[in-house]
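The numbering of the sequence shown is our numbering, which starts it at 90 and goes up by one.
Glycine included, C-beta positions come from ideal geometry on N, C-alpha and C.
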Amino acid sequence: MTDTSELPAAIGDVYETVVARNAHEPEFQQAVHEVLGSIAPVLEAHPEFVDGGILERVVEPERQIVFRVPWVDDAGRLQVNRGFRVQFSSVLGPYKGGLRFHPSVNLSIIKFLGFEQIFKNALTGQGIGGAKGGSDFDPHGRSDAEVMRFCQSFMGELYRHLGEHTDVPAGDIGVGAREIGYLFGQYRKITNRHESGMFTGKGVQWGGAEVRTEATGYGAVFFAQEMLGVHGDMFDGKRVAVSGSGNVAIYAIDKAHQLGAKAITASDSTGYVIDDAGIDVDLLRQVKEVERARVDEYARRRPSARFVEGRRPWEVAVDVAIPSATQNELDEADAAALIANGVRVVVEGANMPSTPGAVDAFRAAGVLFGPGKAANAGGVATSALEMSQNAARQRWNFEDSERKLRSIMRDVHHSAFAAAERYGHPGDYVVGANSAGFERVAHAMLAQGVI
């Protein structure tokens with residue numbers, strides 16, 4: 090993605106530098122292009138951002154950490170993985186962003202996720218910077234003892250770069266309550282400090298926040314609800330397609346059902362299930378979280394469901410689509426199928442799950458499109474609420490936490506919607522989200538000098 094003909098000169102020059110410096114990092118290039126390609130109106134209104142070198146600095150991480158992670162499996166064999174932490178921006182607060190354990194993890198993916206995290210976190214208004222990390226370790230099929238040994242080795246290096254006022258990780262794909270527990274325990278042992286606020290997504294019984302598990306999925310649905318509300322519509326009665334079958338997907342389905350919609354799909358790398366009676370959240374959770382099985386097992390146990398092997402759920406006729414699996418899972422052909430079947434709203438539960446061609450197709454067709462940095466901000470927003478509770482040694486109940494999450498997502502929507510109007514692109518949440526997040530970061534960078 091090196092075409093800069095559609096970009097203003099100042100932006101195009103910066104993007105060409107990004108491509109040259111990061112030549113083998115397509116996901117990172119894609120994320121930068123998506124942001125830079127939509128903030129020209131901001132730069133026209135604020136020439137001080139150009140003069141102050143904001144673009145040149147914001148696309149370069151403050152720190153990139155890559156390290157070896159040796160560990161021993163249950164058979165006594167030495168295994169070696171690679172660990173990453175990209176600390177992109179701390180101008181608004183301590184670095185904040187999840188850890189992803191998956192074989193696909195490489196520096197490009199971690200940098201794209203960290204770059205997105207800057208503006209997503211800015212949109213929440215919670216005073217947190219942007220970072221991301223992880224490893225190419227695959228926890229799937231590994232014993233608890235193997236996962237523990239890996240996590241302890243991983244934290245043996247990363248701990249020196251973390252802290253509640255420095256960098257606060259959380260979970261992501263492949264990093265759930267089990268992994269967070271092992272990581273936090275090792276950090277506590279090494280540092281001889283019980284910094285509850287240096288890791289979020291913890292168990293509720295030892296410092297975690299209510300609703301954190303549900304937050305990203307719930308937040309995406311709350312954001313979609315706000316988008317519909319602007320047009321005098323609501324979730325009630327809508328058919329919804331969701332991809333993925335992890336926390337984001339499960340709780341997006343759950344909240345959609347609570348609001349009167351019917352979510353009818355879930356998926357994994359083997360294919361998708363369609364359940365015209367509506368996905369049974371308890372059964373899906375049992376299959377995926379407890380048994381760690383594939384989604385076809387759901388279809389075998391649910392008479393109203395069937396499994397479609399090797400395909401994605403975007404061929405199903407729905408009103409709302411919530412891609413919640415991984416990056417670039419929904420391409421231009423998928424977008425065309427959704428549009429042809431009358432989709433009204435698309436909100437990204439995952440990070441950058443729609444390819445540039447798909448995003449362009451949705452926007453051209455007038456589909457309400459909520460980009461991930463706004464629509465899936467609920468997870469990191471609730472992580473910031475967890476940090477607040479840890480700092481004050483308080484604990485909020487589920488209802489209070491969900492109420493705060495809903496209020497934050499309403500504010501995120503308002504910020505994106507208002508920025509789109511302010512910069513001459515009413516209803517365009519891509520322009521709105523990027524512009525609103527970038528503004529907050531850029532003003533802080535100018536105020537703090539060249540650092």
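As for any alpha helix (DSSP H) of minimum length 4 sitting wholly inside the segment 428 to 464, the runs are 445 to 454 and 461 to 464, ordered along the chain. For Thr106, the enclosing alpha helix (DSSP H) covers residues Ala98 to Arg110.
Spanning the alpha carbons of Tyr248 and Phe288 requires a straight line of approximately 11 angstroms. The closest CA to that of Gly260, considering only Leu202, Val384 and Glu315, is found on Leu202. The three-state reading of DSSP puts Leu196 in helix, counting H, G and I together. Linking Val456 to Leu419 through their CA atoms gives a straight-line distance of about 15 angstroms. Note that the C-beta distance between Arg511 and Leu181 is not below 9 angstroms.
The DSSP assignment places no complete run of the beta strand (DSSP E) inside the segment 495 to 539 (cut-off: 3 residues).
For the set Val124, Glu145, His135 and Pro130, the Cα lying nearest the Cα of Val103 is the one of Glu145. In the three-state DSSP reduction, Thr255 falls in the coil class, being neither helix nor strand. Annotation: Asp227 to Val194 spans about 10 angstroms, alpha carbon to alpha carbon. In summary, Phe487 is exposed, with fewer than 16 beta-carbon neighbours lying within 10 Å of its beta-carbon over all protein chains present.
Taking Val448 as the centre and dropping the five residues before and after it, the same chain places the C-beta of Phe458 and Val519 closer than 7 angstroms to its C-beta, in chain order. Distance between Ala313 and Asn523, taken at the CA atoms: about 17 angstroms. Take Arg238, set aside five residues on each side of it, and the residues of its chain with a beta-carbon closer than 7 angstroms to its own are Trp160 and Val161, in chain order.
Look at Ser179 here: in three-state DSSP terms it is coil, with no helix or strand label. With the rule of 3 Cβ pairs closer than 8 angstroms, the segment 395 to 403 counts as touching the segment 353 to 365. The bridge partners DSSP lists for Asp365 come to none. In this structure, DSSP gives Asn170 an extended state, which the three-state scheme calls strand. If the five residues before and after Asp256 are omitted, its C-beta is found closer than 7 angstroms to the C-beta atoms of Gln176, Pro183, Tyr184, Ala220 and His250, all from its own chain and listed in chain order. Residue pairing of Tyr184 in beta bridges, as defined by DSSP: Asp256.
The count of Cβ pairs closer than 8 angstroms, one atom from the segment 299 to 319 and one from the segment 274 to 284, stays below three, leaving the stretches out of contact. Rounded to the nearest angstrom, the Cβ distance from Gly333 to Ala439 is 7 angstroms, consistent with a contact under 8 angstroms. In the DSSP assignment, Gln153 falls within the beta strand (DSSP E) that extends over Arg152 to Val161. Selection Ala134, Ala429, Pro412 and Lys200 evaluated against Arg110 yields Lys200 as nearest (Cα-Cα).
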